[in-house]
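Which chain is which? The protein sequence lines are A and B, in order. Quick note on this note's numbering: the first sequence kicks off at 124 and runs consecutively. Quick note on this note's numbering: the second sequence kicks off at -10 and runs consecutively. All residues carry an ideal CB built from backbone N, CA and C; glycine is no exception.
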Amino acid sequence: MLTYTLRRLLLAIPTLLLISLVIFFLVDLAPGSPASEIPLTVPPDVRAKILESMGINQPVYVRYLLWLKQFFYVEPLNGIDALFGTSFADGMQRIISYQTRGPVFSLIGERIPQTLKVIGTAYLVGVLIAVPIGIYSAYRQYSWFDQAGTLLAMIGFSVPTFFSGTLLIIIFSVMLGWFPTKYDTTLVVTDWASFVKQIKQMTLPVMTLGLANAAAISRYMRSSMLENMGHDYVRTARAKGMSERTVVLKHVLRNSMIPVVTVIALGIPSIFGGAIITENLFGVNGIGSALIGAIHGNDLPMVQTLAFIFAILIVLFNLIADVLYGLLDPRIRYD
Amino acid sequence: MPDGAAPVLAVRGLRTVFRTRGGEIHAVNDVSFHLERGELLGVVGESGSGKSVTMMSLIGLLPMPPAEIRAGTVMLGDQDLLRITPDALRDVRGAKVGFVFQDPMTSLNPVFNVGFQIAEPLRRHMGLTKAQAADRAVELLELVGIPDARKRLGDYPHQFSGGMRQRVMIAIALACDPDVLIADEPTTALDVTIQAQILELVKELRQKLGMAIIWITHDLGVIAGIADRVMVMYGGQVVEQAPVKDLFANPQHPYTRALLKTIPSLTGARADRLQVIEGQPPIMTAAPTACAFRDRCTHRFARCDAENPQRRSLDARPVGFGHDVACHWTPEAADA
Ligand SMILES: Nc1ncnc2c1ncn2[C@@H]1O[C@H](COP(=O)(O)OP(=O)(O)O)[C@@H](O)[C@H]1O
Ligand SMILES: [Mg+2]
């Protein structure tokens, strides 16, 4: 398993390099230039200086190599410096945002906690709701519970989050006034009152996204359970006199979780990338809204870096899903 | 047949119906039989003749719905298994009645090691601790002839061959020392040589442990070597029942006779089943009102269409205890 993991990690390197190349050049081809953001009143020579400081005058392959070096060398060193108070990265050029003129990674570092808190919680809530619902729906297939679950899942699938989110805001914020309409990023939890406030402002975005996630995962759980419920080993477990509880929650569930865990792991990168709409709707100042802002502002380094980070996460969680599969299913041996 | 002693299992008038979208399927129609202590009862019939459904009905292993047991009693000792609570029935399954299924490749849970799967009934029914159950599991694996038993407790089913897996299944079924072992075509999915090994194993275990066995197969050749008594099933009914010698020496039902012709001859050439009995067992969409075999029978006459034959004794003993057959036709009448 370990050698397999290492081999997969090594294989990920050329994959990621190729992806980085594609991302960098594609984004670079995008129309519009950061130069257009500079007011026209700025004299040409000053304008040229600004552009030069941004490194825009270099040929594209030079900029690519520079960016790679910054991404894989300078930024990790900076991370180490920040963690341990060392100064390895002193004087090295970091990836700089066109918009803020600050390091891209500092901005990402500010935004990630917001995203993790809200979108991550939503994903977790979605999983925690979906798994028991899926199990029970399968165990009582075609019962009213299962039918209701099917209907809700269909709604969760087909209604986009900008609609369900808006609906929740209208009902629970505007009409009932239970929750705030906007997420306050600056809120710091220091005591009970601010904790309650934080929970309250998280509720609606978490519900919106959590239900959408739960819809997909519960269906997946249900069909996996149903698939396994028909297997011969289930009859064997019953023939041994095991209780229904043991049969369903041990024998069937253990087998059914294998593909579901994989799907859950594969879905984790979407926490970072897929929640753009929800973040914007509720005003959560996270990674998704950072990406939207960067696209609007022609902030190429920011877009390139964020897109590449998403790519790394996807490759990473693919690997994690495969390894988990091997850990959960004794029939799979990677070595 | 030891007279006087109560049978360990007595089934009377069992009827099992599947309610499907296409209508009802009467899979078991008024089946009665009994099992003496220590006896091996062979159950034969082509696939689809209702053998598995009959046996699974006994201990509530059929999914309900669609299955529905319409009538009958299943006496195990003094308990009627059809009328006890689901919890009480679970105390019987795996403890007093062990079940071995046809396909050892799919009958074990792939994600638990065999030690765990053998220990489960031991802990559930006999209240053993983990350590005690592991010790007993080693004993059981040795009993069914798996070498290096203790080392193999941690192995998963896929690390065993088909024959070895069936041995594990037998170990599980025998774990709690059951009164009755039901083996539903336990060798059908295995190679011929492995089949023979499993048969030998069961013979040996029977001598050691003395449990009564119901052995289901569609191969009369297998039955000849191990059974005390044979019950032939067709269309969800018992069509002939006799001590093994009588059945082979003097088969009465045209279906039994046809089955006997499918046994490989001494020269090793196997008769083609389809040549011998053309057609397939019927799917019973209603309780039989005529002979279920009549469409394939070479002796068919008017009465076969009018009336479903009941089992009648061919000797002085009551139906079920000697040689009996459910057929209107008699060889004597034909010869005369
Ligand atoms: N789950 C089910 N639903 C409907 N019909 C079934 C089901 N299981 C078995 N049957 C029917 O019951 C009859 C007897 O089947 P079975 O007992 O499995 O035969 P055997 O074990 O003798 O090969 C067959 O006609 C089969 O189609
Ligand atoms: Mg069968």
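Measure the Cβ-Cβ separation of residue i and residue j and say whether it is below 8 Å.
i, j, result
"Leu(-2) (chain B)", "Val20 (chain B)", "no"
"Arg195 (chain B)", "Leu29 (chain B)", "yes"
"Asn18 (chain B)", "Gly151 (chain B)", "no"
"Ile171 (chain B)", "Ile203 (chain B)", "yes"
"Val100 (chain B)", "Leu142 (chain B)", "no"
"Phe280 (chain A)", "Ala338 (chain A)", "yes"
"Arg154 (chain B)", "Pro146 (chain B)", "yes"
"Pro424 (chain A)", "Ser143 (chain A)", "no"
"Ala444 (chain A)", "Ile242 (chain A)", "no"
"Val371 (chain A)", "Met344 (chain A)", "no"
"Lys192 (chain B)", "Ile215 (chain B)", "yes"
"Leu303 (chain B)", "Gly311 (chain B)", "yes"
"Pro182 (chain A)", "Ala245 (chain A)", "no"
"Phe194 (chain A)", "Thr428 (chain A)", "yes"
"Arg217 (chain A)", "Val185 (chain A)", "no"
"Phe302 (chain A)", "Gln324 (chain A)", "yes"
"His354 (chain A)", "Thr274 (chain B)", "no"
"Ala417 (chain A)", "Val426 (chain A)", "yes"
Report the rounded CA-to-CA distance for residue i versus residue j, giving the unit in angstroms.
i, j, result
"Val181 (chain B)", "Val145 (chain A)", "59 Å"
"Arg139 (chain B)", "Thr43 (chain B)", "37 Å"
"Thr151 (chain A)", "Ile179 (chain A)", "Note that residue 151 (chain A) corresponds to Asp in the displayed sequence, not to Thr. About 11 Å."
"Ile394 (chain A)", "Gly12 (chain B)", "49 Å"
"Phe22 (chain B)", "Thr319 (chain B)", "23 Å"
"Ala(-5) (chain B)", "Ala84 (chain B)", "20 Å"
"Thr289 (chain A)", "Lys305 (chain A)", "12 Å"
"Asn441 (chain A)", "Leu389 (chain A)", "6 Å"
"Phe295 (chain A)", "Ile322 (chain A)", "14 Å"
"Val386 (chain A)", "Ile432 (chain A)", "20 Å"
"Leu376 (chain A)", "Gly257 (chain A)", "10 Å"
"Asn297 (chain B)", "Ile455 (chain A)", "54 Å"
"Tyr356 (chain A)", "Glu35 (chain B)", "24 Å"
"Gly134 (chain B)", "Leu163 (chain B)", "13 Å"
"Ile136 (chain A)", "Leu447 (chain A)", "21 Å"
"Pro307 (chain B)", "Leu47 (chain B)", "23 Å"
"Asn201 (chain A)", "Leu349 (chain A)", "50 Å"
"Ile410 (chain A)", "Lys320 (chain A)", "22 Å"
"Ser341 (chain A)", "Leu247 (chain A)", "13 Å"
"Ala260 (chain B)", "Ala276 (chain A)", "A caution first: Ala260 (chain B) carries a pLDDT of 49, below 50, which makes its placement in the model too unreliable to give a value."
"Arg130 (chain A)", "Val438 (chain A)", "14 Å"
Can you give me the Cβ contacts of residue i inside the same chain, cut-off strictly under 7 Å, excluding the 5 residues immediately before and after it?
i, result
"Ile161 (chain B)", "Gln106, Ile107 and Pro110"
"Phe268 (chain A)", "Tyr259 and Ser260"
"Leu71 (chain B)", "Ile58, Gly61, Thr62 and Val63"
"Asp69 (chain B)", "Thr62 and Val63"
"Gln186 (chain B)", "Gly152"
"Thr209 (chain A)", "Ile203"
"Ala325 (chain B)", "Confidence in Ala325 (chain B) is poor, its pLDDT being 46 and thus under 50, which makes the residue's placement unreliable; the coordinate value appears in the next sentence. Excluding sequence neighbours, Ala325 (chain B) sits near nothing in its chain."
"Arg8 (chain B)", "Pro54, Pro55 and Glu57"
"Asp452 (chain A)", "Ile381"
"Met45 (chain B)", "Leu51"
Can you list the residues of chain D that residue i reaches, using a CB-CB cut of under 9 Å?
i, result
"Arg82 (chain B)", "Going by chain labels, chain D is absent from the structure shown, which instead holds the protein chains A and B."
Can you give me the Cβ contacts of residue i inside the same chain, cut-off strictly under 8 Å, excluding the 5 residues immediately before and after it?
i, result
"Thr284 (chain A)", "Thr331, Leu332, Ala335, Ile400, Thr401 and Leu404"
"Val294 (chain B)", "The sequence given here places Asp at residue 294 (chain B); Val does not occur at that position. The residues are Ala279, Cys280 and Arg283."
"Thr206 (chain B)", "Gly31, Val32, Val33, Glu174, Thr176, Thr177 and Ile212"
"Met220 (chain B)", "Phe22, Leu30, Gly31, Val32, Val33, Val227, Glu229 and Gln230"
"Gly49 (chain B)", "Leu70, Pro75, Leu78 and Arg82"
"Leu310 (chain A)", "Ser317, Lys320, Gln321 and Gln324"
Short of 6 Å in beta carbon distance, which residues of its chain neighbour residue i, apart from the five on each side in sequence? Order them along the chain.
i, result
"Arg262 (chain B)", "Below a pLDDT of 50, predicted positions are generally treated as unreliable, and Arg262 (chain B), at 48, falls in that range; no measurement from the model is reported."
"Ile252 (chain A)", "Ala337"
"Asn378 (chain A)", "Asn351"
"Ser38 (chain B)", "Met222, Tyr223 and Pro270"
"Ala291 (chain B)", "none"
For the putative contact between residue i and residue j, defined by C-beta atoms under 8 Å, what is the C-beta separation to the nearest angstrom?
i, j, result
"Tyr187 (chain A)", "Phe147 (chain A)", "5 Å"
"Leu299 (chain A)", "Ala413 (chain A)", "Contact doesn't hold; Cβ gap of about 31 Å is too wide."
"Gln241 (chain B)", "Val127 (chain B)", "Not confirmed; about 48 Å, so no contact."
"Ala360 (chain A)", "Asn98 (chain B)", "7 Å"
"Leu209 (chain B)", "Leu248 (chain B)", "5 Å"
"Ile114 (chain B)", "Gly364 (chain A)", "Position check: residue 114 (chain B) holds His in this sequence, whereas Ile was assumed. The Cβ separation is near 6 Å, so the contact holds."
Contiguous beta strand (DSSP E) assignments of at least 3 residues, all confined to the segment 149 to 224 of chain B = 169 to 173, 201 to 206 and 218 to 223
Could you tell me which uninterrupted alpha helix (DSSP H) segments, each at least 4 residues in length, are contained entirely in the segment 178 to 209 of chain A, listed from first to last along the chain?
-> 183 to 192 and 198 to 207
Within the segment 72 to 120 of chain B, ranges of the beta strand (DSSP E) (whole runs, at least 3 residues) = 86 to 89
Whole alpha helix (DSSP H) runs in the segment 261 to 314 of chain A with 4 or more residues, listed along the chain?
-> 267 to 281 and 284 to 291
In chain order, each beta strand (DSSP E) run of at least 3 residues that lies wholly inside the segment 26 to 64 of chain B = 29 to 33
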